[in-house]
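If you count the sequence shown from 1, you need to add 42 to reach the numbering used here. Glycine included, every Cβ here is placed at the ideal spot set by N, Cα and C. No experiment lies behind these values; they were computed from the predicted model shown. Below is one structure, written out as structure tokens; comments come after it.
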Amino acid sequence: MHRQADSDREQLRRDITAALQDLLADRRLPLYDLMRFHFGWTDENGAPTRAGAGKMLRPTLCLMACEAAGGRRERALPAAAAIELVHNFSLVHDDVQDDDRERRGRPTVWSLWGKPQAINVGTAMRILASLALERLELPAARILQVTDCLDRATLRLIEGQYQDISFETRSSVSTTEYLQMIRGKTAELIAAALEIGALVGGEDPQAPRRLHELGLALGLAFQIRDDILGIWGDSALTGKPTGSDIARRKKTYPLVFAWGRAEGRAGERLRQLYESPVLGLEQVLEVASLLEELGSRAAAQELVERYSLEALTLLGGLGFPAQASAGFRQMITSLVGRSA
Numbered sequence: 043m044h045r046q047a048d049s050d051r052e053q054l055r056r057d058i059t060a061a062l063q064d065l066l067a068d069r070r071l072p073l074y075d076l077m078r079f080h081f082g083w084t085d086e087n088g089a090p091t092r093a094g095a096g097k098m099l100r101p102t103l104c105l106m107a108c109e110a111a112g113g114r115r116e117r118a119l120p121a122a123a124a125i126e127l128v129h130n131f132s133l134v135h136d137d138v139q140d141d142d143r144e145r146r147g148r149p150t151v152w153s154l155w156g157k158p159q160a161i162n163v164g165t166a167m168r169i170l171a172s173l174a175l176e177r178l179e180l181p182a183a184r185i186l187q188v189t190d191c192l193d194r195a196t197l198r199l200i201e202g203q204y205q206d207i208s209f210e211t212r213s214s215v216s217t218t219e220y221l222q223m224i225r226g227k228t229a230e231l232i233a234a235a236l237e238i239g240a241l242v243g244g245e246d247p248q249a250p251r252r253l254h255e256l257g258l259a260l261g262l263a264f265q266i267r268d269d270i271l272g273i274w275g276d277s278a279l280t281g282k283p284t285g286s287d288i289a290r291r292k293k294t295y296p297l298v299f300a301w302g303r304a305e306g307r308a309g310e311r312l313r314q315l316y317e318s319p320v321l322g323l324e325q326v327l328e329v330a331s332l333l334e335e336l337g338s339r340a341a342a343q344e345l346v347e348r349y350s351l352e353a354l355t356l357l358g359g360l361g362f363p364a365q366a367s368a369g370f371r372q373m374i375t376s377l378v379g380r381s382a
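Here it is, written out as structure tokens:
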């Protein structure tokens, strides 16, 4: 069952990649070569390569939702491509904002071609996403609904990114503020992917809203699981250095949780370490140990399980065909239990 689901999702990724490549097929300006590099289709010299292009989670969910709602997957491919372009626009700009020189085991766009051109690449991706939606074979009113959904999700993503950056200069952030931030930065685009799939695939007026709610719960679980991996994940699997989020002093859920409860010896030492000018590997490992001692890892995992259960409960109320429901269930459980 799982092997079949994995094979099916691999085919979806190939279809999404083909749709993205088709959007860029006639665009010869070197700007688009930088996009092809980012997507892993070429190396920095323009030669074809097979580098990893990421999970393609959001467009995959869009196609699955379209089919579950009664439509053909192929009908939603332009929307799936648009969603993946929006996600990657945010990644290219995020790399610039965070000074990240590596993504998916390769140099980032800005590290090779400079920050001004990386900003151009990301912005052009966002415009291409809008152009991709024009390829949808739907009534104009429905295309407008899809466009509105993606625009709202993009704005919320940017608002979340703004909050995330603003948190870096604050000494403390509440868990409520943190959850609001990741809802915008991560969960809203996942929710939009599911909502758009339902808008393209069927006529049930309730399905888009209910899938949006499912997507929010899944997105929150996904991001908090990512926070756990950013501190305690195996670097050989995640592709990130050990404790990378700690080294960068990012306000992820485990830290936010601990900061509000940082009392006694462990709390005092945690604050002392975070106020030090440099966090080397030894200090990073000590912070990870202190966070676990303060209950952060267990609290984060408990929240992952709560949101994933909410997503599964919402799925059960959608009335999808058994095969579609099973596919979503397997996707949800694999995402929140992943090691990379």
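| query | result |
| --- | --- |
| Burial state of Glu-317, where buried means 16 or more other Cβ atoms lie within 10 Å | exposed |
| C-alpha gap between Leu-180 and Val-298, whole angstroms | 44 Å |
| Exposed unless 16 or more other CB atoms sit within 10 angstroms - verdict on Thr-355 | exposed |
| Thr-102 classed as buried or exposed, judged by whether at least 16 other C-beta atoms fall within 10 angstroms | buried |
| CB of Ala-118 within 8 Å of CB of Gly-243, strictly | yes |
| Three-state secondary structure assigned by DSSP to Pro-101 | helix |
| Simplified DSSP state of Glu-210, which is helix, strand or coil | coil |
| Which residues DSSP lists as bridging Thr-84, in chain order | Pro-90 |
| C-alpha distance - Thr-59 paired with Ala-123, whole-angstrom precision | 8 Å |
| Arg-225, enclosing alpha helix (DSSP H) - first and last residue | Arg-225 -> no alpha helix (DSSP H), and no H or E assigned at all. |
| Which of helix, strand or coil DSSP assigns to Glu-144 | strand |
| Cβ separation of Ile-270 and Cys-104, assumed to be a contact under 8 Å, to the nearest whole Å | About 26 Å; that fails the 8 Å criterion. |
| Alpha helix (DSSP H) segment containing Glu-328, residue limits | 323-335 |
| Where Leu-345 falls, given that 16 or more other Cβ within 10 Å makes a residue buried | buried |
| Whether Glu-352 touches Ala-259 by CB criterion (8 Å) | yes |
| Cutoff 7 Å; reference Val-128; Cβ partners in own chain excluding five residues on either side | Arg-168, Ala-171, Leu-192, Thr-196 and Leu-231 |
| Among Met-223, Glu-255, Ile-266 and Thr-218, nearest to Ser-208 - alpha-carbon criterion | Met-223 |
| Cross-strand partners of Pro-247 (DSSP beta bridge) | In DSSP, Pro-247 forms no bridge with anything. |
| Which residues DSSP lists as bridging Pro-149, in chain order | Glu-144 |
| Close beta carbons around Phe-370, own chain, < 6 Å, minus the five adjacent residues each side | Leu-357 |
| Enclosing alpha helix (DSSP H) for Ala-111 [first to last residue] | Element bounds for Ala-111: n/a, residue is neither H nor E. |
| Collapsed DSSP secondary structure at Lys-157 in the structure displayed | helix |
| Buried/exposed call for Glu-176, threshold 16 Cβ in 10 Å | exposed |
| Span separating the alpha-carbon of Leu-262 from that of Pro-90 | 36 Å |
| Any chain D beta carbon closer than 8 Å to Leu-73 | Absent from the structure: chain D. Only one protein chain is present. |
| DSSP state of Gly-96 mapped onto helix, strand, coil | coil |
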